[in-house]
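No gaps in the numbering here: position 11 of the sequence shown is 11 in this note's numbering, and each next residue is one more.
Step one of this worksheet: look at the structure below.
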Amino acid sequence: PPNVDIAETASFGLVHVLNRSKCTHWRLKRRPCGYFCRPEARRRAVAVKWNDKAMTLIRSISGIRGTIGGAPGEGLSPLDVVRYTAAFGQLMKEASGTASPKAVIGRDARLSGPMVADLVRGTLVGLGFEVIDLGLATTPTVEMAVVGEGAQAGIILTASHNPKQWNALKLLNAKGEFI
1 PPNVDIAETA SFGLVHVLNR SKCTHWRLKR RPCGYFCRPE ARRRAVAVKW
51 NDKAMTLIRS ISGIRGTIGG APGEGLSPLD VVRYTAAFGQ LMKEASGTAS
101 PKAVIGRDAR LSGPMVADLV RGTLVGLGFE VIDLGLATTP TVEMAVVGEG
151 AQAGIILTAS HNPKQWNALK LLNAKGEFI
């Protein structure tokens, strides 16, 4: 269509379709912003093939995001959820120096949220954590609850702006900061 650009964000392997007349980044900088900055752009974002495989698992500073299901290591499968939660839990348990540390978890309203929350909760309990499950909660609420409860860790289950088939583990330290 006229007045539309497609830009690849190499770090995430996503195609960003921008309507130049609606994207402020394009109008101000004359280049794609690399983020899904407008609802119009979000609806048109699609996965791109990376080495003949759809890239559906992203590990970054803001956590581990991926499409639910698929083979371990390719999407955010139940095995991936348990593996990353166990690694994070072990790290936080060692850093806390206590036998029974606390962790706070909260999630958004995605359909996969209860299943992912059950996996995270079970894994942390198996590691000896006392888990405080906030249920449906915003990211700032979980961050503040970690500090308010004196917890050693927190996990937010939300893929933010990603489509509904995605979910994520956002990992927090004892100060309620992303790690």
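Note that CB positions come from ideal geometry on N, CA and C, so glycine has one too.
Selection Lys93, Val146, Glu149 evaluated against Gly126 yields Lys93 as nearest (Cα-Cα).
By the CB criterion at 8 angstroms, Thr158 and Ala174 fall outside the cutoff.
Our two residues, Gly97 and Glu143, have alpha carbons roughly 21 angstroms apart in a direct line. Nearest Cα to Gly63 within the set Gly150, Asp133, Asp80, Gly128: Asp80. Excluding sequence positions up to five before and after Leu124, its CB lies within less than 6 angstroms of the CB of Gly89, Ala103, Val131, all in the same chain and listed in chain order. Within the region 113–145, the complete beta strand (DSSP E) runs of at least 3 residues fall at 130–136.
Annotation: Gln152 to Pro101 spans about 6 angstroms, alpha carbon to alpha carbon.
Looking at Glu177, Pro78, Ser160, the one whose alpha-carbon comes closest to that of Ala109 is Ser160.
By the C-beta density criterion, Ala117 is buried, having at least 16 other C-beta atoms within 10 angstroms.
The three-state reading of DSSP puts Leu111 in coil, since its state is none of H, G, I, E or B.
For the options Trp166, Leu172, Lys170, the alpha carbon positioned closest to that of Leu111 is the one of Trp166. The shortest CA-to-CA distance from Val82 to any of Gly73, Ile61, Pro114, Leu119 is the one to Leu119. Cβ neighbours of Ala137 within its own chain (closer than 6 angstroms, five residues either side excluded): Gly106. Per DSSP, the beta bridge partners of Lys102 are Glu130.
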